[in-house]
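S.K.: With this note's numbering applied, the sequence shown covers 25 to 288.
Supplied in structure tokens, the structure appears directly below.
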Amino acid sequence: AVIKHGAFELSGHLAFTALLALFPFLIFLAALVGVIGDDGSAQQLIAFLFRFAPHDVAETLSGPIYKMMLARHEDLLTLGILGTLWASSSWFEAVRLALDTAYGITETRPVWKRRLQSLVFVVISAFTLLVGSISIVLGPLAWKLIERVVYVGPGIAIVWDVGRYLLGGILFAGFLFALHQYLPQARHRWRDLLPGVTVTLLFWLAISTGLSLYLAVVGQYDATYGTLGGVVITLLFFYSVSLVFIFGAELNGLYHPIKTANGE
Numbered sequence: 025a026v027i028k029h030g031a032f033e034l035s036g037h038l039a040f041t042a043l044l045a046l047f048p049f050l051i052f053l054a055a056l057v058g059v060i061g062d063d064g065s066a067q068q069l070i071a072f073l074f075r076f077a078p079h080d081v082a083e084t085l086s087g088p089i090y091k092m093m094l095a096r097h098e099d100l101l102t103l104g105i106l107g108t109l110w111a112s113s114s115w116f117e118a119v120r121l122a123l124d125t126a127y128g129i130t131e132t133r134p135v136w137k138r139r140l141q142s143l144v145f146v147v148i149s150a151f152t153l154l155v156g157s158i159s160i161v162l163g164p165l166a167w168k169l170i171e172r173v174v175y176v177g178p179g180i181a182i183v184w185d186v187g188r189y190l191l192g193g194i195l196f197a198g199f200l201f202a203l204h205q206y207l208p209q210a211r212h213r214w215r216d217l218l219p220g221v222t223v224t225l226l227f228w229l230a231i232s233t234g235l236s237l238y239l240a241v242v243g244q245y246d247a248t249y250g251t252l253g254g255v256v257i258t259l260l261f262f263y264s265v266s267l268v269f270i271f272g273a274e275l276n277g278l279y280h281p282i283k284t285a286n287g288e
């Protein structure tokens, strides 16, 4: 089904769209950080974004992204926000196409309705990232406050640290569930989405780790691509995670085909 549905071609489309939509999305995110946070918040958010990305990908993107996050974009919350949101919503439209293909769904909703839904997803994604980064960053501060009030042993400290990252993982898993459930036109049972989401999360971790090891030990991409090496590796990373995402959707579509009629 992966080859039949053109998963490799769709993964390239997803990767390219992700790179195009990334910076408009971050401009919108920077506007939110500028309103509710400061420069420290921008640094913490960037660290959270690249926590599970290969070093070369983080090194390529973190510099430009950090400069963008430090720039003041508060005016985008009132001026130019629609253009920024529209550009950053393109990735969700690409994800919708991949999911519809995997689940065998033909969209009958008007274009404006689908794009409006993608715009809503952009806003939800921004707030999800903020909440996830805050949960990880503020964890140590909250822990120090607790230690001043009551005595806690080292075992509880480990549980606390694991819990902070577990919360971030739950938020991310919930985001994947939402993509599978609401972007396609037909609805699924939540339990039917679990295999694909689980496989996606596990494979993403494996790809991030494996690609990092490969680049550290074997990869000599600079010799081939020169100064564009970092961009090529970034696209390769996006392509890999996109392929895994489509594979998870195909897995769900194979074992849990749509049982309801196509429609709202």
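Don't be surprised by glycine CBs; every beta carbon is placed ideally from N, CA and C.
DSSP on leucine 207, reduced to helix/strand/coil?
M.R.: When secondary structure is reduced to three states using DSSP, leucine 207 falls in the coil class, being assigned neither helix nor strand.
S.K.: Just mark proline 208 as buried or exposed, buried being the case when its beta carbon has 16 or more other beta carbons within 10 Å.
M.R.: buried
S.K.: My guess is that alanine 118 and histidine 37 are in contact by the Cβ rule of under 8 Å, so how many angstroms apart are they, rounded?
M.R.: 6 Å
S.K.: Please classify lysine 137: does DSSP put it in a helix, a strand, or coil?
M.R.: In the structure shown, lysine 137 adopts helical secondary structure according to DSSP, grouped into three states.
S.K.: Among the candidates Ala45, Thr125, Leu153 and Val255, whose CA atom is the shortest distance from the CA of asparagine 276?
M.R.: Of the listed residues, the one whose Cα sits closest to asparagine 276 is Thr125.
S.K.: Among the residues of its own chain, which have a CB less than 8 Å from the CB of phenylalanine 201, if the five just before and after it don't count?
M.R.: Hits under 8 Å: Trp214, Leu217 and Val221.
S.K.: Within this structure, are the beta carbons of threonine 2 and leucine 85 separated by less than 8 Å?
M.R.: The question about residue 2 has no answer, for the chain in this structure spans 25 to 288.
S.K.: What did DSSP end up calling threonine 222 once you bin it into helix, strand or coil?
M.R.: helix
S.K.: Tell me whether isoleucine 27 sits in a helix, a strand or coil according to DSSP, three-state version.
M.R.: Three-state result, isoleucine 27: coil.
S.K.: Leucine 153 to glutamate 131, Cα distance in whole Å?
M.R.: For leucine 153 and glutamate 131, the distance between alpha carbons rounds to 29 Å.
S.K.: Look up glycine 287 in the DSSP assignment and say whether it is helix, strand or coil.
M.R.: Since pLDDT at glycine 287 reaches only 41, below the 50 mark, its modelled position is unreliable, and no value is offered.
S.K.: So, serine 112 versus phenylalanine 49, is the Cβ gap smaller than 8 Å?
M.R.: yes
S.K.: Mind checking valine 135: buried by the 16 CB within 10 Å criterion, or exposed?
M.R.: exposed
S.K.: Which two residues bound the contiguous alpha helix (DSSP H) that contains leucine 267?
M.R.: 253-279
S.K.: With H, G and I counted as helix, E and B as strand and the rest as coil, what does DSSP make of histidine 37?
M.R.: helix
S.K.: Rounded to whole angstroms, what's the CA-CA distance from glycine 128 to isoleucine 270? Just pull it up for me.
M.R.: 13 Å
S.K.: Assuming the contact rule is C-beta atoms closer than 8 Å, leucine 53 and alanine 150 should be a hit. Round their C-beta distance to whole Å, please.
M.R.: 5 Å
S.K.: I need the DSSP call for arginine 120, collapsed to helix, strand or coil.
M.R.: helix
S.K.: Helix, strand or coil, according to DSSP, for histidine 79 in the structure here?
M.R.: helix
S.K.: Hey, how far is the Cα of glycine 253 from the Cα of valine 81?
M.R.: Going by C-alpha positions, glycine 253 is about 10 Å away from valine 81.
S.K.: Using 8 Å as the threshold, is the C-beta distance between alanine 45 and serine 142 below it?
M.R.: When the beta-carbon positions are compared, alanine 45 and serine 142 stay at least 8 Å from each other.
S.K.: Check each candidate in Leu229, Val223, Phe227 and Phe261 and name the one with the smallest Cα separation from leucine 239.
M.R.: Phe261
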